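K.L.:
Take a look at the following structure, please.
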Amino acid sequence: MQKIQIERTTAPKAKPADESKLGFGKIFTDHMYVMEYNPEQGWHDPKIMPYQPIVLDPSAMVFHYGQEMFEGMKAYKCADGRIRLFRPNKNIERANNSNRRLCIPEIPADDFLNAIKTLVAVDADWIPSRPGTSLYIRPFVIATDPFLGVRPSNTYKFIIILSPVGAYYESGLDPVKIWIEDDYVRAVRGGIGEAKTGGNYVASLAAQVKAHDEGYSQVLWLDGVERKYIEEVGAMNIFFKINGTVVTPMLNGSILPGVTRASCIDLCKHWGLPVEERRISVDELVEAARTGALEECWGSGTAAVISPVGALRYENEVMQIKDGGIGEFSQKLYDTVTGIQTGKVEDTLGWTVEVTPLEK
Ligand SMILES: *Cc1c(COP(=O)(O)O)cnc(C)c1O
Numbered sequence: 091m092q093k094i095q096i097e098r099t100t101a102p103k104a105k106p107a108d109e110s111k112l113g114f115g116k117i118f119t120d121h122m123y124v125m126e127y128n129p130e131q132g133w134h135d136p137k138i139m140p141y142q143p144i145v146l147d148p149s150a151m152v153f154h155y156g157q158e159m160f161e162g163m164k165a166y167k168c169a170d171g172r173i174r175l176f177r178p179n180k181n182i183e184r185a186n187n188s189n190r191r192l193c194i195p196e197i198p199a200d201d202f203l204n205a206i207k208t209l210v211a212v213d214a215d216w217i218p219s220r221p222g223t224s225l226y227i228r229p230f231v232i233a234t235d236p237f238l239g240v241r242p243s244n245t246y247k248f249i250i251i252l253s254p255v256g257a258y259y260e261s262g263l264d265p266v267k268i269w270i271e272d273d274y275v276r277a278v279r280g281g282i283g284e285a286k287t288g289g290n291y292v293a294s295l296a297a298q299v300k301a302h303d304e305g306y307s308q309v310l311w312l313d314g315v316e317r318k319y320i321e322e323v324g325a326m327n328i329f330f331k332i333n334g335t336v337v338t339p340m341l342n343g344s345i346l347p348g349v350t351r352a353s354c355i356d357l358c359k360h361w362g363l364p365v366e367e368r369r370i371s372v373d374e375l376v377e378a379a380r381t382g383a384l385e386e387c388w389g390s391g392t393a394a395v396i397s398p399v400g401a402l403r404y405e406n407e408v409m410q411i412k413d414g415g416i417g418e419f420s421q422k423l424y425d426t427v428t429g430i431q432t433g434k435v436e437d438t439l440g441w442t443v444e445v446t447p448l449e450k
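FYI, my numbering numbers position 114 of the sequence shown as 204, with every residue one higher than the one before it.
In structure tokens form, the structure reads like this:
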């Protein structure tokens with residue numbers, strides 16, 4: 091494994107005084123991790139340094155053709171004072187799947203995990219401890235060749251930044267209203283939908299603006315070919331409970347394979363619930379809502395963990411799900427996943443990885 095050179099800041103920033111006002115992704119810690127790639131040396135020279143701007147040539151390829159990959163995960167300060175990561179190897183595996191799809195060189199998994207653990211250990215004092223808060227970890231790779239032709243870059247930077255983030259729900263789970271988009275699409279099979287990359291997000295903005303204007307907080311995407319099958323929500327995967335069976339769209343190449351999605355499937359199976367990963371059409375969903383067979387709906391993703399859905403709108407029909415409140419399994423999944431993450435529920439599945447703070 092590569093040795094990471096650590097340069098500590100001489101001017102530590104003041105930590106946020108009020109952990110109830112952290113919000114999401116607005117504050118960054120004292121340090122960042124940077125590693126360079128070139129064809130001669132491969133990934134080399136990993137460093138942890140004071141958080142600072144990066145200097146790039148204006149012709150750097152990432153600005154023009156969007157060759158970039160990112161990840162998102164969290165570190166938790168647990169009630170017992172320990173620091174835990176949640177299934178980091180799943181994120182690392184997915185990052186390298188994204189890298190392959192985007193023609194970015196893969197990052198050795200052990201160096202990747204060591205980078206995350208070491209950076210979190212250096213900035214361990216920044217992990218908030220108020221219930222529901224965490225340290226968001228954002229690894230990303232950008233293409234840096236100063237060149238305007240279209241081809242994969244030869245040089246890259248791999249960077250990790252950290253942001254203390256607030257509780258997604260300050261006062262318990264809160265059901266969201268979701269807009270089913272039948273005009274714009276996010277991704278198509280054979281495209282980059284299953285890679286975690288900025289291009290998918292820029293493709294989603296126009297529909298998000300439209301949904302917000304209509305009073306909906308999230309967009310549920312349909313497949314890009316027939317606009318008939320359910321795919322996923324903005325930055326979350328989607329689950330339905332129909333007649334006692336948990337149903338979620340199968341991974342088909344255009345859906346992002348969420349770590350939280352995989353964890354929900356594992357837990358539901360563990361609890362003896364039937365789980366189906368399959369195609370589900372919007373017509374089937376509308377029918378299930380009309381007949382009352384649709385018992386629950388929730389989104390899954392690192393930011394909110396579980397987001398209960400209270401209502402769905404498709405074309406001109408608004409479908410309220412049961413009483414529009416929080417479903418039994420939405421709550422149970424939320425309590426169990428967050429319980430494991432924060433050490434309150436025993437981690438019998440071996441999902442957490444502990445980080446030991448570094449001596450100063
Ligand atoms: C990151 C992401 C998700 C959720 O993945 P998690 O690993 O559960 O956080 C779902 N959909 C999209 C488009 C995403 O980018």
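Ideal Cβ positions, reconstructed from N, Cα and C, are used throughout, including at glycine.
Keep in mind the model is a prediction, meaning the values are calculated, not measured.
Using a Cβ-Cβ cutoff of less than 7 Å, which residues in the same chain neighbour residue 106 once the five nearest sequence positions on both sides are dropped?
P.N.:
Within the sequence shown, residue 106 is the residue found at index 16, counting from 1. Around residue 106: 112, 117 and 254.
K.L.:
Can you find a heavy atom of ligand 1 that lies under 7 Å from the Cβ of residue 401?
P.N.:
By 1-based counting over the sequence shown, the position of residue 401 is 311. Answer for residue 401: no, Cβ out of range of ligand 1.
K.L.:
Would a C-beta distance cut-off of 8 Å place residue 389 and residue 328 closer than the cut-off?
P.N.:
Taking the first residue of the sequence shown as position 1, residue 389 is located at position 299. Taking the first residue of the sequence shown as position 1, residue 328 is located at position 238. Their beta carbons are under 8 Å apart, which means residue 389 touches residue 328 by this criterion.
K.L.:
In the structure shown, what three-state DSSP assignment does residue 336 receive?
P.N.:
For this step, residue 336 is matched to residue 246 along the sequence shown. Three-state DSSP puts residue 336 in a strand.
K.L.:
So is the beta-carbon of residue 390 under 7 Å away from any non-hydrogen atom of ligand 1?
P.N.:
Counting from 1 along the sequence shown, the entry for residue 390 is found at position 300. Within the cutoff, so yes.
K.L.:
Can you give me the Cβ contacts of residue 375 inside the same chain, cut-off strictly under 6 Å, excluding the 5 residues immediately before and after it?
P.N.:
Taking the first residue of the sequence shown as position 1, residue 375 is located at position 285. None.
K.L.:
Helix, strand or coil for residue 396 per DSSP?
P.N.:
As a position in the sequence shown, residue 396 is number 306, starting the count at 1. Strand at residue 396.
K.L.:
Going by DSSP, which residues form a beta bridge with residue 404?
P.N.:
Start at 1 with the first residue of the sequence shown, and residue 404 comes out as number 314. DSSP, once it has assigned bridges, lists 270 and 407 as partnering residue 404.
K.L.:
Would residue 309 and residue 323 qualify as a contact pair, given that the criterion is a beta-carbon distance under 8 Å?
P.N.:
Here residue 309 corresponds to residue number 219 of the sequence shown, with the count starting at 1. Here residue 323 corresponds to residue number 233 of the sequence shown, with the count starting at 1. Against a cut-off of 8 Å, the Cβ pair of residue 323 and residue 309 comes out as a contact.
K.L.:
Among the residues of its own chain, which have a CB less than 7 Å from the CB of residue 371, if the five just before and after it don't count?
P.N.:
Start at 1 with the first residue of the sequence shown, and residue 371 comes out as number 281. Hits under 7 Å: 318 and 319.
K.L.:
Could you tell me if the beta carbon of residue 432 falls within a distance shorter than 7 Å of some heavy atom in ligand 1?
P.N.:
Walking along the sequence shown from the start, residue 432 turns up at place 342. Result no, Cβ not under 7 Å from ligand 1.
K.L.:
Could you tell me which residues DSSP puts in a beta bridge with residue 354?
P.N.:
Reading the sequence shown from its first residue, position 264 is the one you call residue 354. Answer is none; residue 354 lacks a bridge partner.
K.L.:
Indicate, with yes or no, if ligand 1 has a heavy atom lying under 7 Å from the CB of residue 297.
P.N.:
The residue labelled residue 297 in the question sits at position 207 within the sequence shown. Not under cutoff, so the answer is no.
K.L.:
Excluding five sequence neighbours on each side, which residues of the same chain lie with their C-beta closer than 7 Å to the C-beta of residue 422?
P.N.:
As a first step, residue 422 must be located in the sequence shown, where it is residue number 332. Counting only Cβ-Cβ distances below 7 Å, and skipping sequence neighbours, we find nothing.
K.L.:
Using only CA atoms, which one of 203, 392, 225 and 108 lies nearest to residue 213?
P.N.:
Looking up residue 213 in the sequence shown gives position 123. For the residues 203, 392, 225 and 108, the minimum Cα distance to residue 213 belongs to 225.
K.L.:
To the nearest angstrom, how far is it from the Cα of residue 392 to the Cα of residue 424?
P.N.:
Locating residue 392 in the sequence shown gives position 302, where the first residue counts as 1. Locating residue 424 in the sequence shown gives position 334, where the first residue counts as 1. Answer to the nearest angstrom: the Cα atoms are 11 Å apart.
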